[in-house]
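Residue numbers (UniProt numbering): 1 to 271.
Structure, as structure tokens:
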Amino acid sequence: MTEGGFKYKIIPDGGTQAANDGDYVFFHVNMMADNNEQFNSRTSGQESVIQLKPQPNANIITDAMQELLALSTVGDSIVLMVPTDSLKNLGFPPGDTTKLLSYNIRVTEILDEASYNEKISTEQAEAEAKAAIVMERLPEVEAFVAETYKYIASGKAGDNIQETPSGLKYIIHEEGSGEQLNAGDIATVHYYGILKSNGTMFDNSWRRGQEFQFQIGAGQVIKGWDEGLALLKKGSKATLIIPYELGYGAAGNPPTIPAESDLIFYIEVPQ
């Protein structure tokens with residue numbers, strides 16, 4: 001049992017590098033609510049990290065994780081089981097029927113503070129360099145979107161526009177050779193959004209130099225995106241023509257998206 005009274009199991013991998021107070025422990029974690037996966041860092045592509053501290057945290061689950069990570073070495077796996085009845089006083093929804101939260105953890109790296117700061121600085125420099133390359137493409141993308149908008153508005157797109165039963169329309173400019181995207185997948189995309197009414201840009205990822213990531217079908221984005229991305233393969237380039245009912249609805253999303261606005265998104269899904 002942990003100090004908080006939670007059952008756990010540590011599965012050693014034969015490693016020798018253990019963590020000390022103040023060290024940063026990197027790990028992958030798969031969180032389950034009963035038999036339903038709630039989070040998987042491997043799917044999201046981002047490891048979790050905790051700095052080991054001698055003093056308790058406000059969150060008893062974080063405390064339990066810190067306690068077990070301090071007992072582990074690189075490569076070890078940890079199973080932590082948290083009955084939800086122990087969380088009722090911590091804001092766990094009273095109407096939720098979940099009985100058990102389970103955390104499956106694998107320790108991947110342990111760094112002292114100096115090494116951690118060096119790692120973060122290196123990653124930040126790499127991210128800034130990548131962002132600069134992405135932002136350099138903005139004029140090219142703007143020109144392509146403008147031409148595509150004229151192509152659609154003129155009616156010349158014709159049979160190149162496909163339509164789903166919901167009313168979503170789309171054009172596949174380049175079909176990717178990668179895996180088909182499906183509901184539940186984590187999609188990583190670049191996008192450029194304009195109003196169908198006049199072609200005004202309201203948002204795009206190239207100006208930020210960073211891709212956008214979301215889980216398909218989880219309601220994290222507008223319905224037209226959830227449906228449209230599930231039509232694509234990795235490596236695809238496409239334009240989605242989204243009626244307002246599948247976008248931001250009758251109310252729109254002021255001030256950039258007026259009421260009842262149909263939207264056009266140019267989408268690139270990296271391979």
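Backbone N, C-alpha and C fix where the C-beta goes; we use that ideal spot for every residue, glycine too.
This structure is a prediction, so every number in the text was calculated from the model and none was measured.
{"Item": "Which residues mark the beginning and the end of the alpha helix (DSSP H) in which F144 is found?", "Value": "L138 to A153"}
{"Item": "Given a cut-off of 9 Å on the beta-carbon distance, is the pair T73 and V107 in contact?", "Value": "yes"}
{"Item": "Between S68 and I10, how many whole angstroms is the CB-CB distance? I'm expecting something under 8 Å.", "Value": "Position check: residue 68 holds Leu in this sequence, whereas Ser was assumed. Confirmed, about 7 Å."}
{"Item": "Indicate whether G235 and G176 have their beta-carbon atoms separated by less than 9 Å.", "Value": "yes"}
{"Item": "Give me the Cβ distance between Y192 and Y266, rounded to the nearest whole Å; I'm assuming they're in contact under 8 Å.", "Value": "4 Å"}
{"Item": "Is the segment 158-166 touching the segment 124-143 in the sense that three or more CB pairs, one from each, lie closer than 8 Å?", "Value": "no"}
{"Item": "For the beta strand (DSSP E) that contains I193, what are its first and last residues?", "Value": "As written in the sequence, residue 193 is Gly, which differs from the Ile given in the question. Start and end: I186 to L195."}
{"Item": "Cβ of L80 less than 9 Å from any chain D Cβ?", "Value": "Although the question refers to chain D, the structure presented lacks it and comprises just one protein chain."}
{"Item": "In the DSSP assignment, find the unbroken beta strand (DSSP E) run with A33 in it and report its ends.", "Value": "Y24 to A33"}
{"Item": "Ignore the nearest five residues each way along the sequence and tell me which others in K233's own chain have a CB closer than 6 Å to its CB.", "Value": "G176, G178 and Q180"}
{"Item": "Just to confirm my understanding: we take G22, look at its own chain, exclude 5 residues before and 5 after, and list those with CB closer than 8 Å. What are they?", "Value": "Q51, L52, K53, D112 and E113"}
{"Item": "By DSSP, does S121 sit in helix, in strand, or in coil?", "Value": "helix"}
{"Item": "On the premise that G217 lies in contact with G184, defined as a C-beta separation below 8 Å, what is that separation, rounded to the nearest angstrom?", "Value": "6 Å"}
{"Item": "Taking its Cβ as the centre, do 16 or more other Cβ atoms sit within 10 Å of M1, making it buried, or is it exposed?", "Value": "exposed"}
{"Item": "How many Å lie between S102 and S41 at the Cα?", "Value": "14 Å"}
{"Item": "For the beta strand (DSSP E) that contains K9, what are its first and last residues?", "Value": "K7 to I11"}
{"Item": "Give a yes or no on contact between the segment 189-205 and the segment 251-269, applying the rule of three or more CB pairs nearer than 8 Å.", "Value": "yes"}
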